[in-house]
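What follows is a single structure, written as C-alpha cells, with notes after it.
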Amino acid sequence: MSDCIFCKIIAGEIPSKKIYEDDELLAFHDVNPAAPLHFLVIPKKHIPNIMELDEADAPLMGKLLFKGQELAAELGCAEKGARFVINCKSDGGQTVDHIHLHVLGGRRMAWPPG
Ligand code: DGP
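Every number in the working numbering is 441 more than the matching position in the sequence shown, counting from 1.
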C-alpha cells in the first residue's frame, strides 16, 4: 500500500534496523523502544489490522507468532520471557495500520496495560 510506513520499510524506502527477513515476514527494531528489547514482526502482505484477517491468513499469522518467539529467544528472552502484543485499531492503541506483532523484553512488564 503506497502510503503505509511499514510497506515503505518492506520496500527499503524507509530505513530500519532489520533483524530478520524472508519472503513473507520482516522483523526490525521499533524506532521508539518501550523496553530494552523492542522489535516488530510484520507480514509483507498489507493487512491493516487483526480485525481484517481472513481465515486464509491463519498460517501466515502462525508463522509470524512463531518467528517472534524464535527471535525473542535468540535475543535473550528464552529464560525470563517477553511480552507479545498486537494492538488493534483506536481502542487497541494501534497507530500504524499494517498488522504488527510487538515483542518487548529485558524488563518486567506491568499488567494491566494502561
Ligand atoms: P502501534 O501503536 O501498535 O501501531 O505501534 C506502532 C509502532 O511502530 C510504534 O511502537 C513505533 C513504531 N514505528 C512507527 N514508525 C516507525 C518507523 O518508521 N520505523 C520503525 N522502526 N518503527 C516505527
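For every residue, glycine included, the Cβ atom is placed at its ideal position computed from N, Cα and C.
Quick caveat: nothing in here was measured; it's all calculated off a predicted structure.
Cβ-Cβ distance between residue i and residue j below 9 Å
{"i": "Ser-457", "j": "Leu-467", "result": "yes"}
{"i": "Gly-546", "j": "Leu-478", "result": "yes"}
{"i": "Arg-524", "j": "His-543", "result": "yes"}
{"i": "Val-482", "j": "Gly-503", "result": "no"}
{"i": "Val-537", "j": "Ile-446", "result": "yes"}
{"i": "Phe-480", "j": "Leu-516", "result": "yes"}
{"i": "Leu-494", "j": "Ile-460", "result": "no"}
{"i": "Arg-548", "j": "Ala-499", "result": "no"}
Expected contact under 8 Å - CB spacing of residue i and residue j to nearest Å
{"i": "Phe-469", "j": "Ile-450", "result": "7 Å"}
{"i": "Leu-501", "j": "Pro-484", "result": "5 Å"}
Residue i - containing beta strand (DSSP E), residue span
{"i": "Ile-460", "result": "459-462"}
{"i": "Val-537", "result": "Looking at the DSSP string, Val-537 is not in any beta strand (DSSP E), and its letter there is neither H nor E."}
{"i": "Val-472", "result": "Unbroken run through Val-472: none, as it is neither H nor E."}
{"i": "Gly-546", "result": "542-546"}
The alpha helix (DSSP H) enclosing residue i, as first and last residue numbers
{"i": "Cys-448", "result": "446-451"}
C-beta neighbour in chain B for residue i, strict 9 Å
{"i": "Lys-530", "result": "The displayed structure is made up of one protein chain only, and chain B is not part of it."}
Taking the runs of the alpha helix (DSSP H) that are 4 residues or longer, which of them lie wholly in the stretch 477-535? 499-513, 530-533
Closer than 8 Å is the cut-off here; do at least three beta carbon pairs connect the stretch 524-539 with the stretch 481-490? yes
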